[in-house]
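Residue numbers (my numbering), protein chains in the order written: chain A, 1 to 189; chain B, 1 to 189. Ideal placement from N, C-alpha and C gives every residue a C-beta, glycine not left out.
There are 2 protein chains.
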Amino acid sequence: MNTKAETIRNKIVTTADDLFYRQGFNHTSFSDIASAVGISRGNFYYHFKTKDDILAAVIEKRKVGIKQFLNEWDETIPSAKQRLNQYVDMVVSYQDNIVKYGCPIGTVCSELNKLKNIHYNNATEMITLFRDWLIEQFVLLGHGKEKAKHYAMHMLTCTQGISVIGQAFTDPAYIRREAQSLKDWLEKI
Amino acid sequence: MNTKAETIRNKIVTTADDLFYRQGFNHTSFSDIASAVGISRGNFYYHFKTKDDILAAVIEKRKVGIKQFLNEWDETIPSAKQRLNQYVDMVVSYQDNIVKYGCPIGTVCSELNKLKNIHYNNATEMITLFRDWLIEQFVLLGHGKEKAKHYAMHMLTCTQGISVIGQAFTDPAYIRREAQSLKDWLEKI
DNA sequence: GTCTATACGCAGATAGAC
DNA sequence: GTCTATCTGCGTATAGAC
Chain A
1 MNTKAETIRN KIVTTADDLF YRQGFNHTSF SDIASAVGIS RGNFYYHFKT
51 KDDILAAVIE KRKVGIKQFL NEWDETIPSA KQRLNQYVDM VVSYQDNIVK
101 YGCPIGTVCS ELNKLKNIHY NNATEMITLF RDWLIEQFVL LGHGKEKAKH
151 YAMHMLTCTQ GISVIGQAFT DPAYIRREAQ SLKDWLEKI
Chain B
1 MNTKAETIRN KIVTTADDLF YRQGFNHTSF SDIASAVGIS RGNFYYHFKT
51 KDDILAAVIE KRKVGIKQFL NEWDETIPSA KQRLNQYVDM VVSYQDNIVK
101 YGCPIGTVCS ELNKLKNIHY NNATEMITLF RDWLIEQFVL LGHGKEKAKH
151 YAMHMLTCTQ GISVIGQAFT DPAYIRREAQ SLKDWLEKI
């Protein structure tokens, strides 16, 4: 039972996820989501009581997705160094969206912070997932915990910076170049 | 004549500048600005016709400010290398605001992009001012135009990344550490 | 120039019919 | 479960008195 409701619910979350990314959370209205999903605004409230509830579901969905592909990388990519390169490649393969809408994680964190939204800390945990995974990889490469943490933070710094500047200048070539620099840095440490 | 109106106008722009930074553009209402300035909403429209007009004035003010202190650096700091270090130091000295609200330029560009605001390109020109100045410094250091441009873009990447991650983790120590890394990088190239 | 009053639309949210 | 109708508040913007 509840399969149809679950389906609609999922559709709402997926649509909201997309719209929050492209238009921002605050700028996306219930009507936007409802019409994109193809249901009435009234029906909407059967599935979610408030806009913040949808946001929580979207963040949760993204977290699950992040955990999934990080696990998949752990299982399918043999070495830590290759996995770190895969992290950088992810940015490159996402370049078309980045130049248009920035980083889906960085931009939402920045927005929720300014809105003083209750789910801000929840959102930053998306970054924490990446940070902890990156630290793990550097530890596997033989670095001490402190150094691994600093390296991980540097990786986050560069990928977020790439997203902001790549978007501001709408420049995929820049993204590829800067990503390559980061890979070069990875080789040297 | 018009001095009083000019004063009020400036006060509005200064206040809006601050509120747009701390709360975001979309999330800041006319009432917010009016009450912060200490005038009625009605009076407001004597000075600015639309919210976008205030935004344009805020961006213009910021641009003027950026040009001013870049010029000042050019005139008071003897070497290009020292000026590049000053650019990094600026981020460090701004750390308290960054951990709370992010980069005043990066966050507004990101937001205006998602809002499809007409002044988005105008806002990105704030970054262009820094980019062109940075390129100049690297050229003065003896690098070719292409290389200077890539170095400049890398500086932008790091400072923007520092802002996003510094804000997300509310971590001034991280900002100082990563800024030092960037200075180390400057020494090596 | 600055105010109060007010128009207008849209957003979030609810009630109740089907 | 899904709909239409509706409430309420807020935000932008205007009109007009002082």
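Residues of chain A with CB under 8 Å from residue i, in chain order?
| i | result |
| --- | --- |
| Thr124 of chain B | Ala168, Phe169 |
| Gly144 of chain B | Within 8 Å Cβ-Cβ: nothing; Gly144 of chain B doesn't reach chain A, min ~15 Å. |
| Asn26 of chain B | Gly24, Asn26, His27 |
Do we get a CB-CB distance below 8 Å when we pair residue i with the residues of chain B?
| i | result |
| --- | --- |
| Ser110 of chain A | yes |
| Asn71 of chain A | no |
| Val164 of chain A | yes |
| Arg83 of chain A | no |
| Thr15 of chain A | no |
| Arg41 of chain A | no |
| Gly65 of chain A | no |
| Thr107 of chain A | yes |
Tell me which residues share the same chain as residue i and place their Cβ nearer than 8 Å to its Cβ, disregarding the 5 neighbours each side in the sequence.
| i | result |
| --- | --- |
| Thr76 of chain B | none |
| Leu115 of chain B | Phe25, Asn26 |
| Asp17 of chain B | Val58, Lys61, Arg62 |
| Leu156 of chain A | Ile127, Phe130, Arg131, Leu134 |
| Val268 of chain A | The structure shown does not extend to residue 268 of chain A, since chain A is modelled only from 1 through 189, so no value can be given for it. |
Any beta carbon of chain A sitting closer than 8 Å to that of residue i?
| i | result |
| --- | --- |
| Met90 of chain B | no |
| Tyr231 of chain B | Given that chain B is displayed from residue 1 to residue 189, the structure contains no residue 231 of chain B and the question cannot be resolved. |
| Thr50 of chain B | no |
| Met1 of chain B | Only weak support is given to the placement of Met1 of chain B: the predicted model assigns it a pLDDT of 45, under 50, and the value that follows is read from those uncertain coordinates. No - not a single Cβ of chain A is within 8 Å of the one on Met1 of chain B. |
| Arg62 of chain B | no |
| Gly102 of chain B | yes |
| Leu115 of chain B | yes |
| Arg22 of chain B | yes |
| Leu186 of chain B | no |
| Gln95 of chain B | no |
| Gly38 of chain B | no |
Give the residues of chain B in contact with residue i, contact being defined as C-beta atoms less than 9 Å apart.
| i | result |
| --- | --- |
| Ser181 of chain A | His150, His154, Thr157 |
Under 9 Å between beta-carbons, which chain A residues line up against residue i? List them in chain order, please.
| i | result |
| --- | --- |
| Glu178 of chain B | His150, Met153, His154, Thr157 |
Please list the partners that residue i has in chain B, where partner means a Cβ-to-Cβ separation under 7 Å.
| i | result |
| --- | --- |
| Ile127 of chain A | Ala168 |
Excluding five sequence neighbours on each side, which residues of the same chain lie with their C-beta closer than 6 Å to the C-beta of residue i?
| i | result |
| --- | --- |
| Val139 of chain B | Ala148 |
| Leu112 of chain B | Tyr120, Ala123 |
| Leu70 of chain B | Trp133 |
On the premise that residue j lies in contact with residue i, defined as a C-beta separation below 8 Å, what is that separation, rounded to the nearest angstrom?
| i | j | result |
| --- | --- | --- |
| Thr128 of chain B | Cys109 of chain B | With 8 Å as the limit, Thr128 of chain B and Cys109 of chain B do not qualify as a contact, their Cβ atoms being about 11 Å apart. |
Excluding the five sequence neighbours on either side, which residues of its own chain have a C-beta within less than 7 Å of the C-beta of residue i, listed in chain order?
| i | result |
| --- | --- |
| Met1 of chain B | Reliability fails at Met1 of chain B, whose pLDDT of 45 lies under 50, so the model's placement of it is uncertain and the value that follows must be treated cautiously. Contacts found: none. |
| Ser31 of chain A | Arg41 |
I want to verify the contact list: residues of chain B whose CB lies under 8 Å from the CB of residue i, in sequence order.
| i | result |
| --- | --- |
| Gly161 of chain A | Leu156, Thr157, Cys158, Thr159, Gln160, Gly161, Ile162, Val164 |
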